[in-house]
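Numbering (my numbering), first residue to last: 57 to 266.
The block underneath contains the structure these notes are about, expressed in structure tokens.
Below is the structure:
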């Protein structure tokens, strides 16, 4: 096994034994990858408290030469985004963003632009969740994957809304003024386009619709 290093965001974590976790990460260097974190659930494990949803870590892992499941050697917590857990709206939005990235990306296909997009969006959602940020994220993620919604064919009103979002940066997207009706129209258009391209709806979307 060869040791690799990566900046990584936790997309998913699943107990596999009483002491170990299966962790799906999205990394800047390698894209989406899976590691087995042996002993991470033990009370005295050095990794305990460092692997949770949306945490950003520096990880060291031993690359398997026989499968796509690698062995986590160590991790160092860089950004826990604790504020995401103080708001149900923020937590729901973060779960949706993470699921979109997990679904739209291929295993071990580097996409540093998507990593930066996800990391920045999670930071903004942790500071102050806003529906417009999530719509902006979904639009940018589709574009990063090479899919551009047919916004010019969606009617003048939707074209103006999506045009405003396309022109906005992450730092400035909160200043985009949209009514609830405009936001919902943009969201529905993106959701239809997503379902057409991917073939299924994200499971966490139903939480946003409540």
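Note that the Cβ used here is the ideal one computed from N, Cα and C, for glycine as well.
As the structure is a prediction and not an experimental result, all values here were calculated from the model.
Rounded to the nearest angstrom, how far is the Cβ of residue i from that of residue j, given a contact under 8 Å?
i	j	result
residue 77	residue 107	6 Å
residue 82	residue 67	5 Å
residue 195	residue 149	The pair is not a contact, with the Cβ atoms about 15 Å apart (cut-off 8 Å).
residue 174	residue 153	6 Å
residue 163	residue 218	Actually they are not in contact, since the Cβ atoms of residue 163 and residue 218 sit about 31 Å apart, beyond 8 Å.
residue 72	residue 128	With 8 Å as the limit, residue 72 and residue 128 do not qualify as a contact, their Cβ atoms being about 12 Å apart.
residue 197	residue 157	7 Å
residue 116	residue 130	5 Å
residue 188	residue 248	With a Cβ gap of about 19 Å, residue 188 and residue 248 do not count as contacting.
residue 260	residue 155	5 Å
Go to residue i, then tell me how far its beta strand (DSSP E) extends in each direction, as first and last residue.
i	result
residue 117	112–119
residue 60	58–71
residue 134	125–135
residue 181	No beta strand (DSSP E) holds residue 181; the alpha helix (DSSP H) holding it covers 168–183.
residue 148	Counting along the chain, residue 148 falls outside any beta strand (DSSP E), though it belongs to the alpha helix (DSSP H) covering 144–160.
residue 192	Taken as a continuous stretch (DSSP letters only), residue 192 belongs to no beta strand (DSSP E), being part of the alpha helix (DSSP H) at 187–200.
residue 79	77–83
Distance, Cα to Cα, residue i vs residue j?
i	j	result
residue 171	residue 151	15 Å
residue 167	residue 160	11 Å
residue 146	residue 62	26 Å
residue 30	residue 110	Summary: the structure shown does not reach residue 30, with the chain confined to residues 57 through 266, and so no result is reported for it.
residue 123	residue 215	45 Å
residue 74	residue 245	44 Å
residue 84	residue 180	19 Å
residue 227	residue 118	36 Å
residue 102	residue 96	8 Å
residue 186	residue 113	25 Å
residue 64	residue 137	13 Å
residue 224	residue 232	8 Å
residue 58	residue 125	13 Å
residue 255	residue 193	20 Å
residue 69	residue 176	21 Å
residue 99	residue 238	49 Å
residue 165	residue 184	31 Å
For residue i, does the count of other Cβ atoms within 10 angstroms reach 16, so buried, or fall short, so exposed?
i	result
residue 204	exposed
residue 87	buried
residue 132	exposed
residue 242	buried
residue 213	exposed
Note the first and the last residue of the continuous alpha helix (DSSP H) segment covering residue i.
i	result
residue 246	236–254
residue 87	Here residue 87 belongs to no alpha helix (DSSP H); instead the beta strand (DSSP E) covers 87–93.
residue 264	261–264
residue 217	212–223
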